[in-house]
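In the working numbering, the protein residues as written are 2 to 974.
C-beta: ideal position from N, C-alpha, C; glycine also.
Structure, as structure tokens:
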């Protein structure tokens, strides 16, 4: 006889789904399956069977469990699952993970140095996903995460990310959890609703299935199971498989069910109470282990579902021989089992076993066992690393030692926050805050509050953070000294900055300053001034930049005197950003100082930020992307993934400006895919802006509009990138359509948006293209030009191109022909790496040069015409030819380029010139306006319009214009 069913009964449908998941994983069609049900319903059994099937297929099996020892700590199930790769001795080649390898150091310390920055949960999730892909190159894998009903928010966030992105990974994910309402069940149900995973809700067995299960345990046919036994087990177990086995085990051991010559027979009354029967069954088996065995399992139960031998040995005082003897007896009694993944660890056969053992302890006995166990853990692990800290906190709480429990929960919360697990940090610190209220020294309570505030800020729970202002007031009343209160107000100010609430933040800054007084020490002054500088920069006030600079400089100096390198780096980088608008050399000095400070104090992430900003200065000043590429490689080496994506986006825009459109589009598409997956909104906005610019510089109007629309849908209104969408993208598209009025309008919009939200990206045309167009129209005179030209932004290489061209126009208009030609030469030199800017500038300047009688307009126009003819800029090429005709110069006939005409119009016989007119009809322009754009006569336009009406079978010009608008000015075959 077997008191545990040797086969799985009543789960055929579930087994088929699980088997298909393994098959799909082998075919690189990863998927997630969720097993949900009450305790004892068979989740663990199905997970074990699935793991065995995966092993038989040659798959890797990674297993982790949520319900371990004590309270849940961040990422515990994932860490356990991944660390099994180390124990197997055939781990993956981590070099294939590139910059994501150090990110995984949060889960498996052996996989690299500690990450230089606290990566977002999404970055960590992507790292786990990539690891599964690397593992699957040799063998597909199954990840089993069990008992996640009390899981931490960070583990759930990783799981949520994985289930949405497993579809092309050779891995299956199997999650088990109880059906208790809570965050875990919410995540699972939402994933199932969006078809990202399969939800299997395990039901209780029906009467027939219970009978089959009993028959398998008794090793007989179903017909040989005594009817009374089957009926009693069905009614008393309610179809719960674990309870069936426990009651059956109790009936056999108590002699109520015996095997005789004629098979199994029931003797006497079979009635038992459940769950009393379960508790009694376990109590009966523990009694047979003797007093020492009961005590050993009591200690194990207070530790949780799993427990280490070292702690049991320390608490019970048993030697190894007695300890193992009792444990082996527990294994024989079907109470405990060796824990498969980790040596010297054991686990209860089922979580209900531990719960039943705890139910037998009196409150006094449980408190005593918990206290002794906590003392033992502290002795074995004095620093309480990892999960030991929250475990001992839980034991102290069970022992009635509230103050000690609160202090340990606070320490666990601080560690979670340092590791980037803000959700878990909030849970632990909030628990500590509530436990310690009015019970301990106000200084200890202030310490907890000082840690809770940044945790709430990082978790985005701003309202909860602001609600703690009352707690600060309460501590003040209880006698907290003014310096500590000032620190709490400074913490609230930083939360306000994260929340974008400048006014609230400045109120907290003022409260902190009032408490610190005029003689505040440098350490406190530096922290207050630093957060005040960032708050001031975001405030709606005319002097915000100057005021922020004063505060940042004061913070930097105070941080130097107080030896606070992190605050110093933060302040110097802000000063560099502020200086970039007026003096690139000064900005370089500030960023260099921040970099050196970071290097001296081994602040890796601060250093890489400074390095990237220095490289950005070189790029803006000279157009050099070499330093950016080097900074990107360094960011990847140290695992600063978000920084690397930032540089990737800038390099993508650089390729656009250089006219390397295929390479730019490929890089930006790849970068955008990554920033979207990692939920890096600000970087995704930058990528969309760059993609709009790439389309605009090729004259692809519909793609520009699509990218800008997506930019706005993502929340781009009010962002620093918005002015560039109009001044760097749309304005250039309008110029390629020879619509200078629209270009001027777009540049005006860019300037207005920049005034609303000042940008640190000075390429929106305010200091470049707008200056040239304004000079051509006479809206910008020499004094205005000189004022703009003396700004740092005007000295950036892209802007210098248009600034030199504008200067040439002014000089030519003043009759200073030689100087004007020199200015054009300077513009062409600056535009060596920017072909579109070079030839578009020459096309615009040539017109003014021809009018004012200076320079070489014919040569400039011929070069521009050739460039735009080759690149498909038909409108500009046509304008260049028209201007050449006006100069009396010979004009090349360009009757090729019919591929620019949509195929449906080519089929009707529409010529290239007719299509140029057709495109402009979309804007309802009159004959004279079209003639001006194309540099032909109005009469010629009239002939082309008449021909188009005939060829397209439209009744009139209005219908023809509507057709042109519907087709779209940039539609291509």
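Three-state class that DSSP yields for residue i in the structure shown
i: residue 235; result: helix
i: residue 758; result: coil
i: residue 266; result: strand
i: residue 577; result: helix
i: residue 198; result: coil
i: residue 7; result: coil
i: residue 258; result: strand
i: residue 144; result: strand
i: residue 205; result: coil
i: residue 925; result: coil
i: residue 519; result: coil
i: residue 835; result: coil
i: residue 393; result: helix
i: residue 179; result: coil
i: residue 767; result: coil
i: residue 338; result: strand
i: residue 305; result: strand
i: residue 616; result: helix
i: residue 368; result: helix
i: residue 565; result: coil
i: residue 809; result: helix
Close Cβ partners of residue i (< 7 Å) along its chain, the five nearest in sequence each way excluded
i: residue 888; result: 851, 858 and 859
i: residue 739; result: 876, 877, 880 and 934
i: residue 116; result: Per-residue confidence for residue 116 stands at a pLDDT of 46, beneath the threshold of 50, marking its modelled position as unreliable; the derived number appears in the next sentence. These residues qualify, in order along the chain: 103, 104, 106, 107 and 640.
i: residue 593; result: 615
i: residue 548; result: 537
Rounded straight-line distance, which links the Cα of residue j to that of residue i
i: residue 904; j: residue 920; result: 14 Å
i: residue 613; j: residue 637; result: 12 Å
i: residue 938; j: residue 623; result: 43 Å
i: residue 406; j: residue 474; result: 25 Å
i: residue 819; j: residue 856; result: 8 Å
i: residue 964; j: residue 844; result: 31 Å
i: residue 181; j: residue 77; result: 20 Å
i: residue 990; j: residue 582; result: For residue 990 there is no data in the structure shown, the boundaries of the chain being 2 and 974.
i: residue 831; j: residue 33; result: 55 Å
i: residue 773; j: residue 754; result: 20 Å
i: residue 79; j: residue 663; result: 40 Å
i: residue 96; j: residue 26; result: 23 Å
i: residue 240; j: residue 339; result: 28 Å
i: residue 111; j: residue 123; result: 21 Å
i: residue 481; j: residue 315; result: 41 Å
i: residue 584; j: residue 849; result: 32 Å
i: residue 853; j: residue 684; result: 45 Å
i: residue 284; j: residue 172; result: 42 Å
i: residue 299; j: residue 9; result: 31 Å
Beta-carbon proximity list for residue i, same chain, < 8 Å, skipping 5 on both sides
i: residue 725; result: 690, 694, 751, 760, 762, 764 and 765
i: residue 946; result: 918, 922, 928, 958 and 961
Rounded distance between the beta-carbons of residue j and residue i, thought under 8 Å
i: residue 700; j: residue 688; result: Residue 700 to residue 688, Cβ: 21 Å. No contact.
i: residue 758; j: residue 721; result: 6 Å
i: residue 307; j: residue 348; result: 4 Å
i: residue 861; j: residue 658; result: Residue 861 to residue 658, Cβ: 21 Å. No contact.
i: residue 212; j: residue 221; result: With 8 Å as the limit, residue 212 and residue 221 do not qualify as a contact, their Cβ atoms being about 11 Å apart.
i: residue 491; j: residue 528; result: 6 Å
i: residue 312; j: residue 396; result: Not quite, the Cβ-Cβ distance comes to about 10 Å (not below 8 Å), so this is no contact.
i: residue 446; j: residue 437; result: 5 Å
i: residue 804; j: residue 795; result: 5 Å
i: residue 565; j: residue 524; result: 6 Å
6 Å CB neighbourhood of residue i in its chain, flanking five on each side removed
i: residue 162; result: 126
i: residue 704; result: 696
i: residue 192; result: 164 and 198
i: residue 75; result: 153, 155, 417, 422 and 425
i: residue 595; result: 570, 573, 574 and 611
Closer than 8 Å to chain B by CB, residue i
i: residue 911; result: Structure shown: chain B not included; a single protein chain is present.
TODO: List in chain order: all unbroken beta strand (DSSP E) runs of 3+ residues lying wholly within the region 23-95.
DONE: 32-37 and 61-66
Open item on the list: So within the region 855-908, which uninterrupted alpha helix (DSSP H) runs reach at least 4 residues, ignoring any that extend past its ends?
Closed with: 858-872, 875-887 and 904-907
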